[in-house]
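Trainee: Attaching a single structure in structure tokens format; questions to follow.
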Amino acid sequence: MAIFNIKKRELECKIVYYGPGRSGKTTNMEYIYKTYKKQVVGEMVSVDTEGDRTLFFDFLPMGLGQIKGFDIKVQVYTVPGQVQYKSTRKLVLKGVDGVIFVADSLAVRREKNMLSLKDLQHNLKEYGINIVNIPLIMQHNKRDLTGQGVPVMTIEQMERDLNRQLKVPSFPASAIIGESVGATLKECLKLTLLSLKKQIKSG
Amino acid sequence: MNITKKIKILLQEAELYHTQGLLNEAMEKYHNATKLIKSNEQLKSNQNLINGIINKIRVLKEDIIKIQKAPKKPEVSAEVQELIKKMCSFAPDKSEDLKALDGAIALAKFGQLKRAITEFNELIKKDSLRVVAAKSILRCHMALSSMDEAVTQYEQWISDDIFSTIQLDKLYVFLENILKKEGVDKKLPRRKAPTVNLEPVITRLGTNVVQAKEPEIEDDALDINSIGITIDSEPQEGQVVEFKIRFQLGNIITLLIPIRDKDLIKSFKVGNKINDIQYYSTTALFSGSGIVTLVKEIKIGPLRGDYCVDIEIVVN
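One line per chain: the protein sequences are U and P, in this order. Numbering-wise, my numbering puts 392 at position 165 of the first sequence, and it's gapless, one number per residue. Numbering-wise, my numbering puts 312 at position 123 of the second sequence, and it's gapless, one number per residue.
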């Protein structure tokens, strides 16, 4: 739930990177932190455990400058992807305004992608949010692994698995080299701000 | 594809999954490769190959154990704790006190128990949150495995002036029940209610003697922070909507439905039983049902037009 402060002329919203464990959520955020220095307004905070696995969350504060006289602030979070951190994911999702779902292109992770999307749907529902109503972007990550001798799903297959019904904007990406990282976030911010504008207008 | 090539592909996959941190997937590939080797007369005598895979599996197992043994909720820096507080009190429509309560509860949920105790101690100063905060402190002490610390804290409160006798009685019942459940044989002290010398009250109809009453003690109901209900009426039919609890008295919880969500009121009719309610407390999440005991429109004050709904908790 975005905070709209008319007195300070400020809008603060929350974007969450969701997806199965090891799909590249933190890698996305690290790339943003390194690359978009002008928009990053503080340090990136990571709480991880053995093997660089996110334990609680990663956090990155961003500022998008002014839009129609309002300062736009964005809190970007990632959730821990491992199945056992279900309750933590729900906590991090609280008050979310926009979601980026990072799916793993590796064929061995096909089921995990689908389970994670279902988990997102369930957690949003628990906050009274229908997944079809929230600004959501799909990112098919690890495209760089194509041709590396491991089975990688085609984009068509991933779209069929994850986006057949949702029909949300999606991006093939390679977070490790920064490919489509910025585009994914920009699209999510665009949809989120549009959605907030609609909410504000409807009172 | 010949068997050597198959094994080579499996090992290549295993190696890549390991570098990706997909340890179970890597393990499966190594095991598949081992099976293939063992099924082939020529290859099963290739001790170098077998030893190489055994070594890879050993390293992989060590990595898996390291992850399994890593603390699940380690104490994090003060900066991260602040962030946890902020992240979970991100609600523009709440009072500062309730936001602070949400923040403290979040710290407890993230395992930051010592810091949570500090935050709850601040909330004890607020009359409306005093008992909730005190119970949370006792829970935090118990989660830290210091039952004695919980008892000491309670004893300290008895000798302080912060709590009323009724509030202390609630804490007494709460702590005593937990001690019983844990099998701890400890007699808790109680603050004695001030003696009131009540004179008989003479009425026109006769003489009534008013007995000095013991303070009412509520059941040891868990403090519920929020509930999730599957709405059974349009336009949100079938959706789970979360409601924050405004008040709780024993097993009766009160939620507030803002006028903008007036459509939801159709789902609450006095006397109706609502099945499949998710109850969220500081320390637990449980399913149950509830009976609607009151639906009332607020007629005056800043919440005019909103609805107040009382639900009696029924645990399945």
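Here a beta-carbon is modelled for each residue, glycine too, at the ideal position from N, C-alpha and C.
#1: With three or more beta-carbon pairs closer than 8 Å as the criterion, would you say the stretch 370 to 387 of chain U touches the stretch 344 to 357 of chain U?
#2: Identify which residue in P/Asn240, P/His207 and P/Thr208 has its Cα closest to the Cα of P/Thr132.
#3: Let me make sure I understand the geometry here. Which of P/Lys262, P/Val498, P/Ser415 and P/Ile355 has the alpha-carbon closest to that of P/Pro447?
#4: In chain order, which continuous runs of the alpha helix (DSSP H) of length 4 or greater are located wholly inside the stretch 400 to 424 of chain U?
#5: Look up U/Val319 in the DSSP assignment and say whether it is helix, strand or coil.
#6: Sort P/Gln231, P/Ser353, P/Tyr206 and P/Ile442 by Cα distance to P/Thr193 and report the nearest one.
#7: Excluding the 5 residues preceding and the 5 following U/Thr405 in the sequence, name in chain order all residues of the same chain whose CB lies nearer than 7 Å to its CB.
#8: Looking only at its own chain, which residues have a Cβ that is under 7 Å from the Cβ of P/Val265, when we skip the five neighbours before and after it?
#9: Between P/Glu338 and the rest of its own chain, which residues show a CB-CB distance below 7 Å, the 5 nearest in sequence each way excluded?
#10: DSSP three-state call for P/Gln209: helix, strand or coil?
#11: Which of helix, strand or coil does DSSP assign to U/Asp331?
#12: Please classify U/Gly203: is it buried, with 16 or more other beta-carbons within 10 angstroms of its beta-carbon, or exposed?
#13: Would P/Met142 be called buried (16 or more neighbouring beta carbons within 10 Å of its own) or exposed?
#14: Within the stretch 245 to 307 of chain U, note down every full beta strand (DSSP E) run reaching 3 residues or more, in order along the chain.
#15: With a threshold of 16 other CB atoms inside 10 Å of the CB of P/Gly479, please say whether the residue is buried or exposed.
#16: Quick check: the stretch 357 to 371 of chain U against the stretch 319 to 331 of chain U, are at least 3 beta-carbon pairs closer than 8 Å?
#17: Taking the alpha-carbon of U/Ile394 as reference, which of U/Arg236, U/Phe297 and U/Ile364 has the nearest alpha-carbon?
#18: Ordered along the chain, which non-local residues of its own chain (more than five positions away) have a Cβ less than 7 Å from that of P/Lys493?
#19: List the residues of chain P whose Cβ lies closer than 8 Å to the Cβ of U/Asn357, in chain order.
#20: Closer than 8 Å, CB to CB, is P/Gly417 near chain U or not?
#21: Should P/Glu308 and P/Ala289 be called a contact, given that it needs their Cβ atoms to be closer than 8 Å?
#22: What separation, rounded to the nearest whole angstrom, lies between the Cα atoms of U/Thr315 and U/Pro307?
#23: Are the CB atoms of U/Gln240 and U/Thr373 nearer to each other than 8 Å?
#24: Looking only at its own chain, which residues have a Cβ that is under 8 Å from the Cβ of P/Leu364, when we skip the five neighbours before and after it?
#25: If you draw a straight line from the alpha carbon of P/Ile196 to that of P/Ile246, how long is it in whole angstroms?
#26: Looking at the unbroken beta strand (DSSP E) that takes in P/Lys525, where does it start and where does it end?
#27: Which partner residues of P/Asp499 appear in the DSSP bridge assignment?
#28: To the nearest angstrom, how far is the alpha carbon of U/Gln392 from that of P/Asn464?
#29: With H, G and I counted as helix, E and B as strand and the rest as coil, what does DSSP make of U/Gln366?
#30: Indicate whether at least one CB of chain P lies closer than 8 Å to the CB of U/Gln375.
#31: In its own chain, which residues sit with a C-beta less than 7 Å from the C-beta of P/Arg393, not counting the 5 before and 5 after it?
#32: Cβ closer than 7 Å: which chain P residues qualify as neighbours of U/Tyr258?
#33: Restricting to Cα atoms, I'd like to know which of P/Lys250, P/Lys370, P/Ile273 and P/Asp495 is closest to P/Arg449.
#34: Given a threshold of 16 other Cβ atoms within 10 Å of its Cβ, counted over all protein chains shown, does P/Phe436 qualify as buried or as exposed?
#35: Any idea what DSSP makes of P/Leu377, helix, strand or coil?
Mentor: The answer reads as follows:
#1: Contact check between the stretch 370 to 387 of chain U and the stretch 344 to 357 of chain U: fewer than three CB pairs, one atom from each, fall below 8 Å, which does not count as touching.
#2: Outside the shown range of chain P (190 to 505) lies residue 132 of chain P, about which nothing can therefore be said.
#3: Indexing the second sequence from 1 puts residue 447 of chain P at position 258. Cα-wise, what sits closest to P/Pro447 is P/Val498.
#4: List check, alpha helix (DSSP H) in window: nothing returned.
#5: Reading the first sequence from its first residue, position 92 is the one you call residue 319 of chain U. Helix at U/Val319.
#6: On the second sequence, residue 193 of chain P is found 4 positions in, with the first residue counted as 1. Selection P/Gln231, P/Ser353, P/Tyr206 and P/Ile442 evaluated against P/Thr193 yields P/Gln231 as nearest (Cα-Cα).
#7: Locating residue 405 of chain U in the first sequence gives position 178, where the first residue counts as 1. Reading off the sequence, residue 405 of chain U comes out as Gly, not Thr. Answer for U/Gly405: Tyr258 and Thr262, listed in chain order.
#8: What you label residue 265 of chain P is simply residue 76 of the second sequence in a count that begins at 1. So the qualifying residues of the chain are Gln301.
#9: Numbered from 1 along the second sequence, position 149 holds the residue referred to as residue 338 of chain P. Answer for P/Glu338: His330, listed in chain order.
#10: Here residue 209 of chain P refers to the residue found at position 20 of the second sequence. Residue state, collapsed to three classes: coil.
#11: Counting from one through the first sequence, the residue named residue 331 of chain U turns up at place 104. Three-state result, U/Asp331: strand.
#12: Nothing about residue 203 of chain U can be reported from this structure: the residues present for chain U run from 228 to 430 only.
#13: Coverage of chain P is limited to positions 190 through 505, which leaves residue 142 of chain P absent and any answer about it impossible.
#14: Segments of the beta strand (DSSP E) lying fully in the stretch 245 to 307 of chain U: 272 to 276, 280 to 294 and 297 to 305.
#15: Here residue 479 of chain P refers to the residue found at position 290 of the second sequence. By the neighbour-count rule (16 or more Cβ atoms within 10 Å), P/Gly479 is buried.
#16: Proximity of the stretch 319 to 331 of chain U to the stretch 357 to 371 of chain U meets the contact definition, three or more beta-carbon pairs being nearer than 8 Å.
#17: The residue labelled residue 394 of chain U in the question sits at position 167 within the first sequence. The amino acid occupying residue 394 of chain U in the given sequence is Lys; Ile does not appear at that position. Comparing Cα-Cα distances from U/Lys394 to each of U/Arg236, U/Phe297 and U/Ile364, the minimum goes to U/Ile364.
#18: Mapped onto the second sequence, residue 493 of chain P falls at position 304. Residue identity differs from the one stated: residue 493 of chain P is Arg in this sequence, not Lys. Here the set comprises Ile487.
#19: Taking the first sequence and counting its residues from 1, one reaches residue 357 of chain U at position 130. Contact annotation for U/Asn357 against chain P: Gln428 [CB-CB distance below 8 Å, chain order].
#20: By one-based count along the second sequence, residue 417 of chain P stands at place 228. Chain U, which has a Cβ nearer than 8 Å to the Cβ of P/Gly417, makes this yes.
#21: Counting from one through the second sequence, the residue named residue 308 of chain P turns up at place 119. Counting from one through the second sequence, the residue named residue 289 of chain P turns up at place 100. Contact check for P/Glu308 against P/Ala289 passes: the beta carbons are separated by less than 8 Å.
#22: The residue given as residue 315 of chain U occupies position 88 in the first sequence. The residue given as residue 307 of chain U occupies position 80 in the first sequence. In this model, U/Thr315 and U/Pro307 are separated by some 7 Å (Cα to Cα).
#23: Residue mapping note: residue 240 of chain U aligns to position 13 of the first sequence, counting from 1. Residue mapping note: residue 373 of chain U aligns to position 146 of the first sequence, counting from 1. Before going on, a small fix: residue 240 of chain U reads as Cys here, not Gln. U/Thr373 is positioned such that its CB atom lies no closer than 8 Å to that of U/Cys240.
#24: Residue 364 of chain P sits at position 175 when you count from the first residue of the second sequence. The beta carbon of P/Leu364 sits closer than 8 Å to the beta carbons of Leu327, Ala339, Val340, Tyr343 and Leu377 from its chain, once the five residues preceding and following it are set aside; these are given in chain order.
#25: Counting from 1 along the second sequence, the entry for residue 196 of chain P is found at position 7. Counting from 1 along the second sequence, the entry for residue 246 of chain P is found at position 57. Taking the straight line joining both Cα atoms gives about 15 Å.
#26: A query on residue 525 of chain P cannot be resolved here, the shown segment of chain P reaching from 190 to 505 and no further.
#27: In the second sequence, counting from the first residue as 1, residue 499 of chain P sits at position 310. P/Asp499 is bridged by DSSP to P/Thr443 and P/Leu483.
#28: As a first step, residue 392 of chain U must be located in the first sequence, where it is residue number 165. As a first step, residue 464 of chain P must be located in the second sequence, where it is residue number 275. Looking at the two C-alpha atoms, the distance is approximately 30 Å.
#29: Position 139 of the first sequence, counted from the first residue, corresponds to residue 366 of chain U. Looking at U/Gln366 - three-state DSSP - the assignment turns out to be strand.
#30: By one-based count along the first sequence, residue 375 of chain U stands at place 148. Yes, contact with chain P.
#31: Counting from 1 along the second sequence, the entry for residue 393 of chain P is found at position 204. Because the pLDDT of P/Arg393 is 41, which lies under 50, any placement of that residue in the model is unreliable, and the number read from its coordinates should be weighed accordingly. Nothing listed; no residue qualifies.
#32: Residue mapping note: residue 258 of chain U aligns to position 31 of the first sequence, counting from 1. Residues of chain P whose Cβ lies closer than 7 Å to the Cβ of U/Tyr258 do not exist; the shortest such Cβ separation is about 17 Å.
#33: Position 260 of the second sequence, counted from the first residue, corresponds to residue 449 of chain P. Ranking the options by Cα distance to P/Arg449, first place goes to P/Asp495.
#34: Here residue 436 of chain P refers to the residue found at position 247 when the second sequence is read from its first residue. Burial call: exposed.
#35: As a working mapping, residue 377 of chain P is identified with position 188 in the second sequence. If DSSP states are grouped into helix, strand and coil, P/Leu377 belongs with coil.
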